[in-house]
Amino acid sequence: MNELLTESKSIYLQISEMIETDILRGILLEEEQVPSTNELAKRYTINPATAGKGVNLLVDEGILYKKRGIGMFVATGAREKILSKRRTAFVESHLRPLLAEAKSLGLTKSELLNMIEENDL
Amino acid sequence: MKLICEHITKQYKDKLALNDISLTLEQGKIYGLIGRNGAGKTTLLSVLTAQNPATSGSVTLDDMAVWENRSALEHLCFSRELNVSAESGLGSMKVKEYLRTASIYYRDWDSAMAERLVDLFELPVKKRMSKLSKGMLSMVTIIVAMASKAAFTFLDEPVAGLDVVAREQFYKLLIEEYTETGRTFVVSTHIIEEAADVLEEVIILKDGKVLLEADTQALVDSARYISGKAEDVDTVTAGLETHHPEVSGRAKSVTVLLKPGQSLPAGYDVSIQPLNLQKVFLALCGEEERQ
Numbered sequence: 001m002n003e004l005l006t007e008s009k010s011i012y013l014q015i016s017e018m019i020e021t022d023i024l025r026g027i028l029l030e031e032e033q034v035p036s037t038n039e040l041a042k043r044y045t046i047n048p049a050t051a052g053k054g055v056n057l058l059v060d061e062g063i064l065y066k067k068r069g070i071g072m073f074v075a076t077g078a079r080e081k082i083l084s085k086r087r088t089a090f091v092e093s094h095l096r097p098l099l100a101e102a103k104s105l106g107l108t109k110s111e112l113l114n115m116i117e118e119n120d121l
Numbered sequence: 122m123k124l125i126c127e128h129i130t131k132q133y134k135d136k137l138a139l140n141d142i143s144l145t146l147e148q149g150k151i152y153g154l155i156g157r158n159g160a161g162k163t164t165l166l167s168v169l170t171a172q173n174p175a176t177s178g179s180v181t182l183d184d185m186a187v188w189e190n191r192s193a194l195e196h197l198c199f200s201r202e203l204n205v206s207a208e209s210g211l212g213s214m215k216v217k218e219y220l221r222t223a224s225i226y227y228r229d230w231d232s233a234m235a236e237r238l239v240d241l242f243e244l245p246v247k248k249r250m251s252k253l254s255k256g257m258l259s260m261v262t263i264i265v266a267m268a269s270k271a272a273f274t275f276l277d278e279p280v281a282g283l284d285v286v287a288r289e290q291f292y293k294l295l296i297e298e299y300t301e302t303g304r305t306f307v308v309s310t311h312i313i314e315e316a317a318d319v320l321e322e323v324i325i326l327k328d329g330k331v332l333l334e335a336d337t338q339a340l341v342d343s344a345r346y347i348s349g350k351a352e353d354v355d356t357v358t359a360g361l362e363t364h365h366p367e368v369s370g371r372a373k374s375v376t377v378l379l380k381p382g383q384s385l386p387a388g389y390d391v392s393i394q395p396l397n398l399q400k401v402f403l404a405l406c407g408e409e410e411r412q
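Taken in sequence, the protein lines are chains G and B.
Read left to right, the first sequence gives residues 1 to 121 (the numbering used here).
Read left to right, the second sequence gives residues 122 to 412 (the numbering used here).
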């Protein structure tokens with residue numbers, strides 16, 4: 001969670017995405033404790049209510065869970081959940097804008113497919 | 122504890138500085154008070170803390186009137202912007218003498234914290250107040266506000282004149298103190314964007330009135346900047362709350378505040394962009410000059 005906050009998106013969403021990214025990268029492991037709301041607030045100089053909103057979003061999705069009186073932990077299976085969520089979102093967040101831009105530039109489908117081949121996915 | 126003001130007005134000779142202001146400040150929140158110069162921010166803070174009488178209306182802390190009431194006032198700290206001149210009594214005071222005076226005034230004064238902050242800001246305590254720069258005077262007001270330990274603490278332009286490092290130190294300090302104690306802070310500032318992430322609620326003052334009181338994140342999330350061909354922009358924003366329209370040739374841009382449940386119609390070739398708090402503020406308060 002050492003990324004910088006940007007202005008282009010709600011802060012609480014950035015907080016939840018940073019925690020997700022840390023889980024994907026193996027910085028945070030399953031069944032490990034995540035930083036508390038207050039720690040996040042201090043680290044990013046944001047209101048704790050905003051940090052809490054980001055954390056709670058992940059609790060609602062079953063990616064984090066709360067141990068009473070101790071704190072928040074990464075749920076077992078969190079990594080898989082995040083991957084499948086991001087794969088689903090990929091079409092909307094990356095593919096559609098890419099296709100829209102390709103269309104406005106007059107690129108054909110086969111030209112686009114060639115570019116993907118050339119760039120080695 | 123709750124600090125409530127109802128129907129506050131403040132009439133100066135030929136100016137209505139505050140015009141029927143009602144607010145409820147709850148314990149354990151950081152509020153931002155923003156507005157243009159002369160909007161009434163400092164007057165409001167001084168009335169809320171009984172440093173200045175209202176012309177009409179009431180200010181109460183848990184049903185106790187605040188005015189000349191020691192048991193209410195000891196929970197309030199208003200650290201106002203210091204204006205010192207060499208001739209004034211304040212100007213000839215040394216910084217450490219000023220802090221000592223504050224330590225007597227505030228019942229719950231935390232002298233260890235005051236010392237820690239003097240070190241953090243590298244404040245020259247042996248200097249006279251009149252010899253301090255604008256930024257150093259701001260540091261003094263911040264130290265008084267923090268060390269007062271008052272349940273409701275009001276800071277008027279605390280970052281005025283501070284460099285970017287000191288401003289960051291201040292916001293970190295504010296969050297730290299807030300998370301550890303749950304004190305309520307009300308911060309007025311002109312440097313809106315830096316403060317935006319710290320403020321849970323924002324109160325926008327305009328011409329002595331509360332223009333808007335909102336959850337900061339919710340307000341920012343509800344705002345969109347729409348631009349494109351004028352007729353498309355008009356179609357997309359029809360029936361929505363719009364601010365600050367600008368037209369140039371065939372192009373038009375406008376700021377929209379979406380109410381809960383509202384959304385923008387899809388399928389139009391317009392650009393939709395998020396706004397930060399400063400841009401929202403400009404859209405709400407920057408209108409007149411342009412017309």
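Ideal placement from N, C-alpha and C gives every residue a C-beta, glycine not left out.
All figures in this text were calculated on a predicted structure; none of them were measured in a lab.
| query | result |
| --- | --- |
| Any alpha helix (DSSP H) of 4 or more consecutive residues that is wholly inside the stretch 296-359 of chain B | 313-317, 337-343 and 351-358 |
| Asparagine 140 of chain B, DSSP secondary structure in three states | strand |
| Where proline 97 of chain G meets chain B, residues with beta-carbon distance less than 7 Å | Correct list: empty, because the minimum Cβ distance to chain B is about 13 Å. |
| Closest by C-alpha distance to methionine 234 of chain B, when choosing among B/Ile263, B/Ala372, B/Gly303 and B/Asn204 | B/Ile263 |
| Buried versus exposed, by CB contacts within 10 Å (16 or more), isoleucine 11 of chain G | buried |
| Contact set between the stretch 84-114 of chain G and chain B, restricted to residues whose Cβ is under 7 Å from the partner | none |
| For threonine 130 of chain B and valine 323 of chain B, the rounded distance between their alpha carbons | 20 Å |
| Cysteine 406 of chain B vs arginine 201 of chain B beta-carbon contact at 7 Å | no |
| Chain B contact for isoleucine 46 of chain G (CB, 7 Å cutoff) | yes |
| Reference alanine 171 of chain B, options B/Gln290, B/Leu154, B/His196 and B/Glu334, closest by Cα | B/His196 |
| Contact between the stretch 215-229 of chain B and the stretch 242-252 of chain B (3+ Cβ pairs under 8 Å) | yes |
| Buried versus exposed call for leucine 113 of chain G [16 or more other C-beta atoms within 10 Å across all chains shown] | exposed |
| contact_flag[the stretch 147-157 of chain B, the stretch 306-322 of chain B] where n(CB pairs < 8 Å) is 3 or more | yes |
| 7 Å Cβ cutoff met for aspartate 229 of chain B and alanine 268 of chain B | no |
| Contact list for the stretch 336-350 of chain B against chain G, Cβ threshold 8 Å | Thr337, Gln338, Val341 and Asp342 |
| Complete runs of the alpha helix (DSSP H) confined to the stretch 77-107 of chain G [at least 4 residues] | 78-90 and 96-104 |
| Rounded separation between histidine 261 of chain B and glutamate 297 of chain B - CA only | Here residue 261 of chain B turns out to be valine, not histidine, going by the sequence shown. Rounded to whole angstroms, valine 261 of chain B to glutamate 297 of chain B spans 18 Å at the Cα level. |
| Proximity test, serine 209 of chain B beta-carbon vs the ligand SAM heavy atom, cut-off 6 Å | Ligands are entirely absent from the displayed structure, and the ligand SAM is therefore not among its contents. |
| 7 Å CB neighbourhood of phenylalanine 199 of chain B in its chain, flanking five on each side removed | Leu166, Ser167, Thr170, Gln172 and Phe275 |
| Leucine 146 of chain B to leucine 403 of chain B span [Cα, whole Å] | 25 Å |
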